[in-house]
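Data block below; observations after.
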Amino acid sequence: MTVNIELENAEDFPFIKELLEKLKGVKSVSVQEDEEFYEDGTPKWFIERLADYADRLEEKDMISEEEFFSNARKKACELYSRK
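All residue numbers for the sequence shown refer to our numbering, where the first residue is 1 and numbers rise by one.
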């Protein structure tokens, strides 16, 4: 069985680690750096990198809404016409 414990006070970790290591059958106690998440479960680092990418986009890298839907309609026609 794997158990994850999230501590708000990092100063408690040495005590908790020592306590866990004394329990019979505990194989390892490891530390994973805090990875912050949004409420929907998305890691904050992902959104930060996505925002950086969006900041680097230029007008030439984008298509208009009309082009997008035109391409979508073409692709839908291709998929439905195959049998």
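Backbone N, C-alpha and C define an ideal beta-carbon position, used for all residues, glycine too.
Predicted, not measured: the structure shown is a model, and the values here were computed from it.
How is the alpha helix (DSSP H) around residue i delimited, first residue to last?
i, result
"Tyr80", "Glu65 to Ser81"
"Phe13", "Phe13 to Lys22"
"Ile47", "Lys44 to Arg56"
If you drop the 5 nearest sequence neighbours on each side, which residues of the same chain put their C-beta closer than 8 angstroms to that of residue i?
i, result
"Tyr38", "Lys44 and Ile47"
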